[in-house]
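Under our numbering, the first residue of the sequence shown is numbered 126, with each subsequent residue one higher.
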Amino acid sequence: MKILLTGGAGYIGSHTAVELLSRGHQVVIADNFCNSHVCVLNRLKQITGVEIPCCQIDIADPCAVGKVFQQQQIDAVVHFAGLKAVGESVSHPLPYYRNNLDATLTLLEQMKKHHVTRIIFSSSATVYGMARSLPLTEESEADWCSNPYGWTKLMSEQILKDAAAADPALSVLLLRYFNPVGAHPSGLIGECPNGVPNNLFPYITQVAAGKLPCLSVFGDDYPTPDGTGIRDYIHVSDLALGHVAAVEYSLNHTGVEVFNLGSGTGYSVLEMVHAFERVNQVRIPWRIVPRRPGDIAICYADISKAGKVLDWHPKRTLEDMCRDSWRWQINNPEGYAG
Ligand code: NAD
Ligand code: WQD
């Protein structure tokens, strides 16, 4: 199949490109590089031996997106393109709604115009809001978010569901990612946050590298065994393989399906810190600070549906996540900019 990856130069998109190519699919990337670096394309060539066609366009631009569909015979779209910083979405909500919703709407309109019927959407566990029971299944309530970023995911899901209800030819797969971490084992591609990282794992790797002095652990008074927050961390290469499975599933299925993509296991912040120290033989200075507003105590997935329906089973361990993140960090101390 020939797959269009919107936002394909980003963290999850670039890893997905590698796994799709290794399964014999063709890939086209469309990205405006607002949160990625053009040199990802060279790195992808080093890993796969393939020069991936890339269009530098805004997915909210109908002419530019239409041109891609005209020029390339696209069988399915994986829609990664979007802004993703939770805190920034609270301080600047309008650009988040504008970018993320316009991109989804434009893409769907152009897909319809050019008779492309399969879309796999990057959603997030954030749509579950405050978990009422655990583990989270695809049937758990997903009707409230604590931040504008999350609302753009929930709203995009609704737009995609409505589009599928109106067009029986459409295949819509909503993939709800939990906490993606790690990097490709080559150390050539990985997560490259702008400025000081907001998320735990890139923060830990930068503390380990001496770029940041100390990890602030947000709260030790949660109802968890060590008092720190519990999340479901998933290796980005396993997550990428989830997209391969979803793309292949979409070939023979129409309608809407939702899938949780996580590891199914929760680890606390301090468990992550200790695992990282043990696996990589480094020290992570940390101190407890007050809870981060909006954080929940515990979040982890029931991934049995993706196992049964997509035959997707994440294999990489917590050790793999720690080792691969660290390799990416030490090989690329300044990220792609270096
Ligand atoms: P990322 O920022 O690394 O990648 C997103 C890519 O989209 C970037 O390359 C960016 O330049 C591009 N982009 C953004 N808006 C665009 C537009 N209008 N037109 C063209 N390109 C545009 O993020 P990621 O971590 O790879 O996440 C990919 C998707 O998965 C996002 O939609 C994100 O919200 C979602 N997601 C991420 C996580 C996570 O923790 N990383 C968790 C759940 C869901
Ligand atoms: C993990 C744990 C923090 C940083 C976010 C988004 C979510 C999704 C994934 C896109 C929590 C703690 C963190 C730090 C800490 N993204 N922590 N010190 O909050 O689960 O999810 O990323 O869809 O939408 O909300 O991930 O990595 O920020 O935090 O103690 O410096 O680490 O409190 O318990 P989160 P995270």
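A virtual CB, placed ideally from N, CA and C, is assigned to each residue, including glycine.
Taken atom to atom, the span from the alpha-carbon of Val407 to that of Ile359 is near 22 Å. Between the region 236-254 and the region 180-195, the count of Cβ pairs shorter than 8 Å is three or higher; the stretches touch.
In terms of side-chain proximity, the C-beta atom of Leu233 is found no nearer than 7 Å to any non-hydrogen atom of the ligand WQD.
With fewer than 16 other CB atoms across the displayed protein chains lying within 10 angstroms of its CB, Glu266 is exposed. In this structure, DSSP gives Asp156 an extended state, which the three-state scheme calls strand.
When the Cα atoms are used, Gly463 and Gly307 turn out to be separated by approximately 19 Å. Just so you know, the alpha carbons of Leu166 and Thr242 end up roughly 27 Å apart. Here the alpha carbon of Gly387 sits roughly 8 Å from the alpha carbon of Leu364. Distance between Val398 and Glu444, taken at the CA atoms: about 12 Å. The region 290-303 and the region 367-379 touch, with three or more beta-carbon pairs separated by less than 8 Å. Residue burial is scored here from C-beta neighbours: Lys433 has fewer than 16 other C-beta atoms within 10 angstroms and is therefore classed as exposed.
Judged by DSSP secondary structure, Val381 falls within the beta strand (DSSP E) whose first and last residues are Gly380 to Leu386.
Within the region 289-340, the runs of alpha helix (DSSP H) at least 4 residues long that lie entirely inside it are, in chain order, 325-333. No Cβ-Cβ contact shorter than 8 Å links Lys209 with Ser248. One thing to note: Ile245 has its Cβ no nearer than 8 Å to the Cβ of Val332.
Here Arg448 carries a helix assignment [DSSP, helix/strand/coil]. Less than 8 Å divides the Cβ of Leu366 from the Cβ of Trp437. Using a C-beta cut-off of 8 Å, the region 146-164 makes contact with the region 180-187, since at least three inter-stretch Cβ pairs fall below that distance. Sorting Leu313, Ser216, Val342 and Pro322 by C-alpha distance to the C-alpha of Ser139 places Leu313 at the top. Shown here, Val175 sits in coil according to DSSP, grouped into three states, outside any helix or strand.
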